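Heads up: the sequence shown is residues 1 to 358, going by the numbering used here. Don't be surprised by glycine CBs; every beta carbon is placed ideally from N, CA and C. Predicted, not measured: the structure shown is a model, and the values here were computed from it.
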Amino acid sequence: LRAYNDTAVGSGTAYWNRNVTLTPGANTITVVACDNSRNTNTATVKLTIRYSLPDTAGPVVSITSHTNGQTVATNTISLLGTATDAGRGNNGIWSVTVNGERAANDTAVGSGTANWSKTLTLNPGSNTVTVNARDNSVNLNTTTIGLTINYLPPDTTGPDVSVTSHADGQVVDSGEIVLAGTGSDLGRGNNGVRSVEVNGERANNDVATGTGTVFWSKSVNLVPGANTITVTARDNSAARNATTTNLVIYYTPATLAAGTTDRVCMEDSMPECAFNAASGTWEWIDRDPVPVSGRLALRVRQGPGLRSWWFAGAKKPFHVNIGDSFVVYVYLKPVRKAENDHAAMARRDFLGTQGILG
Numbered sequence: 001l002r003a004y005n006d007t008a009v010g011s012g013t014a015y016w017n018r019n020v021t022l023t024p025g026a027n028t029i030t031v032v033a034c035d036n037s038r039n040t041n042t043a044t045v046k047l048t049i050r051y052s053l054p055d056t057a058g059p060v061v062s063i064t065s066h067t068n069g070q071t072v073a074t075n076t077i078s079l080l081g082t083a084t085d086a087g088r089g090n091n092g093i094w095s096v097t098v099n100g101e102r103a104a105n106d107t108a109v110g111s112g113t114a115n116w117s118k119t120l121t122l123n124p125g126s127n128t129v130t131v132n133a134r135d136n137s138v139n140l141n142t143t144t145i146g147l148t149i150n151y152l153p154p155d156t157t158g159p160d161v162s163v164t165s166h167a168d169g170q171v172v173d174s175g176e177i178v179l180a181g182t183g184s185d186l187g188r189g190n191n192g193v194r195s196v197e198v199n200g201e202r203a204n205n206d207v208a209t210g211t212g213t214v215f216w217s218k219s220v221n222l223v224p225g226a227n228t229i230t231v232t233a234r235d236n237s238a239a240r241n242a243t244t245t246n247l248v249i250y251y252t253p254a255t256l257a258a259g260t261t262d263r264v265c266m267e268d269s270m271p272e273c274a275f276n277a278a279s280g281t282w283e284w285i286d287r288d289p290v291p292v293s294g295r296l297a298l299r300v301r302q303g304p305g306l307r308s309w310w311f312a313g314a315k316k317p318f319h320v321n322i323g324d325s326f327v328v329y330v331y332l333k334p335v336r337k338a339e340n341d342h343a344a345m346a347r348r349d350f351l352g353t354q355g356i357l358g
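Have a look at this one:
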C-alpha cells in the first residue's frame, strides 16, 4: 500500500506515513522504498509490532472462609480469600482491601493468585464486609464483593421464670396443690424454654421456642408444715442456661373439734373417692317427687324417726366460707309437695370443715 507523502526529488527527503490496522498479538510490517532512477533501486525494512487489547476487566476475587449471612459466636474473625487476574488481562493483582484496609498477602503477578487474609472485629448483630481487588493494569481495574456476617454473642443468661399460683410463705389447708407459672427467654437470648422442673420433675406445658412464653403447671404433694419448692427453668441455648426460684408453702391440715364428725351433703352425687354413711336405707331418685334443686334427691324408705346421711373419705375437701347459703329441702309428704315447701331450711353458719348438719 502506498504511503502518503512518499516522494522527493534529488537529494530531498520524503516524510511518509501510513495507517496500519493491527490484530491482537504480533504484527509484521514491511516497508519498501524505491528511488527515482532508471533502475528503480529499492530498500526494504521489516519490523514486528505486538498489539495487546486494553485491560478493562477487573480481577476475580472470592471469600473462602465465610458465607453471606453466616452467624458467628466470636467478635473476632479471620476473613480469607483469593484474587487472580488470570484470563482477565493477566496483569496480576495490585491490592486487596477489606473495609478499606489492606489485606495480608494481597499481591500477585501475571496470571498468579493472591491468597489474602484479614482479621476483623465485629459488632453484635449484622456486620457488612466489603472486599475490593485491583489488578496491576494501567487502569487498575477493580472488582468488589460484599457479604454480611452476624455476630451473636454467646447466651449465658437463663430464662425468666415465675410462680403465679402461689406466694412464698403462703399457708394452705390441702395436702395437694397445683403450682403454676410462666417462663420465657425473651430478651435473655431468645432461645426459647427447653424445660421447667418442679422439685426435679418436669412440669406440664413447659416448652417454648424463640421469644415465646410457657404457661407451666405441676401438681405437688405437701407434708404438714413447711414445704420448700424449687422451680428450675432452662433455655434452649447450647449452654442450657438455668434460672431457679424457690418458695415455701406451709401446709396446715384442717382440724375438727373434739367429738365432731366431718359431714357434708351435696346434691346429685358424692365427691370423688367418698363413701356413703347413713342411718337407714337411702337412695338417689329423680322423680316421685322431682327434686326441687339439682338432678337427683336422696329418699329414705323407713318410717318415722331421726334420719341422717353423710359421706366420708372424699379426695378433696369441701370448703365452707362465711356467707355461704345451705338449703335443705324436706318432703314430709311427697304426694302433697306444695304443702311442705315451708320445710326448706337455710344455714348460714361458718362451721369450717366441721360439717353442715340440717
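Nearest-angstrom Cα separation, counted from R194 out to S65: So the two alpha carbons sit approximately 33 Å from each other.
Same chain only: Cβ atoms within 6 Å of P154, ignoring 5 sequence neighbours per side: Spatial neighbours of P154 in its own chain (CB-CB distance under 6 Å, excluding positions within 5 residues in sequence) are listed in chain order as A73.
Pick from T245, G100, S184 and G200 that is closest to S237, judged by C-alpha positions: Residue S184 is the option with its Cα nearest to S237.
Secondary structure of Q70, DSSP reduced to three states: Strand.
Where H342 sits in the DSSP three-state scheme: Only weak support is given to the placement of H342: the predicted model assigns it a pLDDT of 35, under 50, and the value that follows is read from those uncertain coordinates. If DSSP states are grouped into helix, strand and coil, H342 belongs with the helices.
Burial state of S137, where buried means 16 or more other Cβ atoms lie within 10 Å: With 16 or more other Cβ atoms within 10 Å, it is buried.
Which of helix, strand or coil DSSP assigns to W16: Look at W16 here: in three-state DSSP terms it is coil, with no helix or strand label.
Alpha-carbon to alpha-carbon, T144 and T119: When rounded, the distance between both Cα atoms is 18 Å.
Beta-carbon spacing of V178, S162 below 8 Å: S162 sits away from V178, with the two beta carbons spaced by 8 Å or more.
Terminal residues of the beta strand (DSSP E) in which G112 lies: From DSSP, G112 is part of no beta strand (DSSP E); its letter is neither H nor E.
Opening and closing residue of the beta strand (DSSP E) in which A226 lies: Where A226 is concerned, the enclosing beta strand (DSSP E) stretches over G225 to D235.
Same chain only: Cβ atoms within 7 Å of V335, ignoring 5 sequence neighbours per side: Confidence at V335 is low in this model, with a pLDDT of 47, below 50, so its placement is unreliable and no value can be given for it.
D6 beta carbon less than 8 Å from that of N139: No, Cβ-Cβ distance for N139 and D6 is not below 8 Å.
Alpha-carbon spacing of P159 relative to T243, whole angstroms: About 6 Å.
Beta-carbon proximity list for I77, same chain, < 6 Å, skipping 5 on both sides: Closer than 6 Å at Cβ, skipping near neighbours: L120.
Check whether T211 and L186 have beta carbons under 8 Å apart: By the CB criterion at 8 Å, T211 and L186 fall inside the cutoff.
Meets three-Cβ-pair contact criterion under 8 Å: the segment 109 to 119 and the segment 82 to 90: In this structure the segment 109 to 119 touches the segment 82 to 90; the number of beta carbon pairs closer than 8 Å is three or more.
Selected residue, minimal CA-CA separation from E70, among L79, P124, I149 and I93: It is worth fixing the name first, because residue 70 is Gln in this sequence and not Glu. Ranking the options by Cα distance to Q70, first place goes to I149.
N90 and L122 closer than 8 Å at C-beta: 8 Å or more divides the Cβ of N90 from the Cβ of L122.
Where L362 sits in the DSSP three-state scheme: Residue 362 lies beyond the residue range present for the chain, which begins at 1 and ends at 358; the question has no answer from this structure.
Touch test, the segment 94 to 109 against the segment 24 to 33, Cβ-Cβ under 8 Å, three pairs minimum: No: the two stretches stay apart, fewer than three of their Cβ pairs being nearer than 8 Å.
For D286, the three-state DSSP class (helix, strand or coil): Note: D286 maps to coil in three-state DSSP.
Per-residue burial, G58 [other beta carbons within 10 Å of its own, 16 or more giving buried]: A residue is called buried when at least 16 other Cβ atoms come within 10 angstroms of its Cβ; G58 meets this threshold and is buried.
Option nearest R134 by Cα separation, candidates T156, V109, T128 and L152: That would be V109, whose Cα lies nearest to the Cα of R134.
Under 8 Å between C-beta atoms of T245 and V231: A contact, by the Cβ cut-off of 8 Å.
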